[in-house]
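In full-length UniProt numbering, the protein residues as written are 1 to 289. No residue lacks a Cβ here, since even glycine has one placed at the ideal position from N, Cα and C. Keep in mind that this is a model prediction, so the values were computed, not measured. Right, one structure below, let's go through it.
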């Protein structure tokens, strides 16, 4: 299976001339684009990827492979990363930590994170290899998101193999051999485990209170108004014989989260009996656009 929302991460290995951006954009809900490999190597196609996806209203985040050999070097990498990507106003900035470039990786990556935040990046996350998680001992609690890879059999589908280094992660990269219309090659596919699509792919979505570890459900309650007649409030995020009530046009309903199912985005309504109601608020791809 390919979980929704569908998120890909790409780099210069995915050559623009081989991508049908219209088709691929229609299949994904967000993209994370590599900007650099250390300070000195700039990804050949990052600007093209970002422009083409943003042109098609696909939300874009960015990442940089970390190679700093000292705290000062890490801060320079952060500065280069920010200068190269900030004009595109990405929703999230990710540090890709996959090699031991200095002895104190914890201190080095913290210097990188603080510099990036100081420059103006609102949300900074960290991607770290599952097998390096414990030895690097990064201060993951200070980041706004944690992204871990675990592939299992790596068939291109999610088959239930999850990261084992920690349970405190937000995005799971579950295959490097994914296939989607619009690109005739392998793609990294990712699923969101905690929080929601808006948190990672919307500029102004609030960062959770790190001290109290609040997730998106605890952050904000929004009121939506139905614009059609007989809008169905359901007991689960899918169509079928699960209707709680039919709502008249103009009904106001409070939601505190969104989830994806059956190709739709569902607003989640907390109910007085402790259960939840679900209201269809649009097609999944159309919603993020």
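Per DSSP, which residues does residue i bridge with? Please list them.
i, result
"residue 190", "7, 173"
"residue 149", "173"
"residue 42", "36"
"residue 96", "65, 127"
"residue 30", "7"
"residue 243", "234"
"residue 114", "Its beta-bridge partners do not exist; DSSP assigns none."
"residue 225", "252"
"residue 23", "Residue 23 is not bridged to any residue."
"residue 51", "BP columns for residue 51 are empty, so no partner."
According to the Cβ coordinates, are residue i and residue j closer than 8 angstroms?
i, j, result
"residue 118", "residue 68", "no"
"residue 124", "residue 147", "no"
"residue 268", "residue 253", "no"
"residue 43", "residue 54", "no"
"residue 165", "residue 130", "yes"
"residue 250", "residue 226", "yes"
"residue 191", "residue 158", "yes"
"residue 122", "residue 78", "no"
"residue 111", "residue 142", "no"
"residue 101", "residue 76", "no"
"residue 175", "residue 163", "no"
"residue 27", "residue 48", "no"
"residue 237", "residue 261", "yes"
I'd like the list of long-range same chain contacts for residue i, defined as Cβ closer than 7 angstroms, with 5 residues on each side in sequence excluded.
i, result
"residue 276", "268, 269, 270"
"residue 213", "Confidence is the limiting factor: at residue 213 the pLDDT is only 36, short of 50, which leaves the residue's position unreliable, though a coordinate-based value still follows. Same-chain partners within the cutoff: there are none."
"residue 217", "Residue placement at residue 217 is flagged as unreliable, the pLDDT there being 39, under the threshold of 50; a coordinate-derived value is accordingly withheld."
"residue 73", "none"
"residue 1", "157, 158"
"residue 80", "36, 39"
"residue 280", "264, 266"
"residue 295", "Shown here, the chain extends from 1 to 289; a query on residue 295 therefore has no answer."
With a threshold of 6 angstroms on Cβ separation, who are the neighbours of residue i within its own chain once the five nearest residues in sequence on each side are excluded?
i, result
"residue 201", "30, 59, 91"
"residue 23", "181, 182"
"residue 231", "247"
"residue 210", "Unreliable positioning characterises residue 210 in this predicted model, as indicated by a pLDDT of 38, which lies under 50. A coordinate reading is not provided."
"residue 152", "159, 161"
"residue 52", "21"
"residue 235", "242, 244"
"residue 98", "129"
"residue 239", "262"
"residue 173", "149, 188, 190"
"residue 144", "123, 124, 125, 207"
"residue 88", "50"
To which residues of the same chain is residue i closer than 8 angstroms at the C-beta, ignoring the five residues directly before and after it?
i, result
"residue 229", "248, 249"
"residue 140", "126, 128, 146, 166, 168"
"residue 18", "183, 184, 185"
"residue 10", "31, 32, 33, 34, 49, 187, 188"
"residue 134", "165"
"residue 45", "11, 12, 14, 15, 16"
"residue 132", "97, 98, 100"
"residue 233", "243, 244, 245, 246, 247, 253, 269, 277, 278, 279"
List the whole-angstrom C-beta distance separating residue i from residue j, where the pair is believed to meet the contact cut-off of C-beta under 8 angstroms.
i, j, result
"residue 178", "residue 156", "5 angstroms"
"residue 136", "residue 106", "7 angstroms"
"residue 104", "residue 66", "Not really, about 13 angstroms apart at Cβ, beyond 8 angstroms."
The stretch 20–32 contacting the stretch 48–62, beta-carbon criterion three pairs below 8 angstroms = yes
task = Count the CB pairs spanning the stretch 185–196 and the stretch 8–19 that are closer than 8 angstroms, and state whether there are at least three.
result = yes
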